[in-house]
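J.: When you line the sequence shown up against our numbering, it's residues 380 to 562, in that order.
Cβ coordinates follow ideal geometry from the N, Cα and C atoms, glycine included.
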Amino acid sequence: MRNNKIRWIAQTAVLIALLIAVQYISRPWSQLVTGSLVNFVLAAAALIAGPVSGLVVAMISPVLAKLLGIGPVWQFVPVIMLGNAVLALVYGLLFRKAITLSGTNKYLTFGAAIPLAAVLKAGVIYVGIVKILIPTMTQLKPPQVEKMTQMFSWTQLFTALIGGGIAMLVVPAVLSALRKSRS
380 MRNNKIRWIA
390 QTAVLIALLI
400 AVQYISRPWS
410 QLVTGSLVNF
420 VLAAAALIAG
430 PVSGLVVAMI
440 SPVLAKLLGI
450 GPVWQFVPVI
460 MLGNAVLALV
470 YGLLFRKAIT
480 LSGTNKYLTF
490 GAAIPLAAVL
500 KAGVIYVGIV
510 KILIPTMTQL
520 KPPQVEKMTQ
530 MFSWTQLFTA
540 LIGGGIAMLV
550 VPAVLSALRK
560 SRS
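1. How far does the alpha helix (DSSP H) with Val431 in it extend, from its first residue to its last?
2. Are there 16 or more other CB atoms within 10 angstroms of the CB of Lys526, so buried, or fewer, so exposed?
3. Less than 8 Å between the beta carbons of Ile449 and Gln402, yes or no?
4. Take Tyr470 as the anchor and find which of Ala556, Ile395, Phe531, Ser432 has the nearest alpha-carbon.
5. Taking the alpha-carbon positions, what's the Ala552 to Ala423 distance?
6. Which residues in the same chain as Ser532 place their Cβ atom closer than 7 Å to its Cβ, once the five residues preceding and following it in sequence are excluded?
7. Would you kindly work out how many angstroms separate the C-alpha atoms of Pro494 and Leu536, rounded to a whole number?
8. Could you tell me if Ile511 is buried or exposed, where buried requires 16 or more neighbouring beta carbons within 10 angstroms of its beta carbon?
9. Report back the beta-carbon spacing between Leu421 and Ala467 to the nearest angstrom; my notes put them in contact at under 8 Å.
10. Below 8 Å, can you find three or more Cβ-Cβ pairs linking the stretch 480-497 to the stretch 542-556?
11. Work out the CA separation of Phe455 and Pro407 for me, nearest whole Å.
12. Would DSSP call Gly450 helix, strand or coil?
13. What does the Cβ neighbour count give for Ala389, buried or exposed, with the cut at 16 atoms within 10 Å?
14. Nearest by alpha-carbon distance to Thr534: which of Ala497, Gly507, Leu557 is it?
15. For Leu416, which option in Thr391, Ala539, Gln518, Val550 has the closest C-alpha, if you only look at C-alpha atoms?
16. By how many angstroms is the C-alpha of Leu426 removed from the C-alpha of Thr488?
17. Would the beta-carbon of Ile513 fall within 8 Å of that of Val503?
Structure, rendered in structure tokens:
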């Protein structure tokens with residue numbers, strides 16, 4: 380039991396470190412690249428270390444992004460945390476369910492996780508930021524509103540889909556390597 384807790388803490392810490400590295404290294408690149416990589420790490424955390432680890436990494440991600448100077452205004456951080464949490468929990472819970480299944484049902488459940496998590500995350504962020512927060516920010520000029528609306532609508536869906544796709548390609552190999560290292 381103690382070894383499992385230590386393993387969970389170590390895996391979560393490594394995933395947070397990977398997240399920081401991804402956010403820092405990809406700062407000069409587009410939101411599409413950075414967002415896809417961040418969503419990959421969020422999905423990987425939930426799939427490798429479990430839903431709670433995914434949740435921890437998801438909640439820390441937007442705060443670290445803001446502290447690194449790549450995040451949005453502080454008012455948006457709680458909404459992004461919630462969107463990330465939804466993504467990580469959907470992946471973590473559906474993955475746990477999928478590994479108990481066999482055959483086609485197993486792969487359908489894995490396959491459903493990507494679009495479901497992406498749509499839910501994008502929906503939470505779109506409603507929270509575009510529909511609720513941006514309209515209250517009266518100091519914003521129309522070009523700023525347009526840019527923020529673009530950043531927090533379809534782009535969120537695309538980056539979540541891409542990140543989930545990368546995770547589904549990479550994570551099985553990581554899990555296999557982890558199983559081999561334990562035996």
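T.: In brief:
1. Note, Val431: alpha helix (DSSP H), 430-446.
2. An exposed status is given to Lys526, since fewer than 16 other beta-carbon atoms sit within 10 Å of its beta-carbon.
3. A contact, by the Cβ cut-off of 8 Å.
4. If we check each option's Cα against that of Tyr470, Ser432 comes out closest.
5. One alpha carbon belongs to Ala552, the other to Ala423, and they sit about 11 Å apart.
6. For Ser532, where only same-chain residues beyond five positions count, the Cβ hits under 7 Å are Tyr505, Val509.
7. Rounded to the nearest angstrom, the two C-alpha atoms are 9 Å apart.
8. Per the 10 Å Cβ criterion, exposed.
9. The beta carbons of Leu421 and Ala467 sit about 5 Å from each other, so the pair counts as a contact at 8 Å.
10. Touching, per the Cβ criterion.
11. Between Pro407 and Phe455, the alpha-carbon positions lie close to 21 Å from each other.
12. Residue state for Gly450 is assigned as coil, using DSSP reduced to three classes.
13. Result: exposed.
14. Taking only the C-alpha atoms, the option nearest Thr534 is Ala497.
15. The option with the nearest alpha carbon to Leu416 is Ala539.
16. Going by the C-alpha atoms only, they are around 13 Å apart.
17. No; because the gap between Cβ atoms is not below 8 Å, this pair is not in contact.
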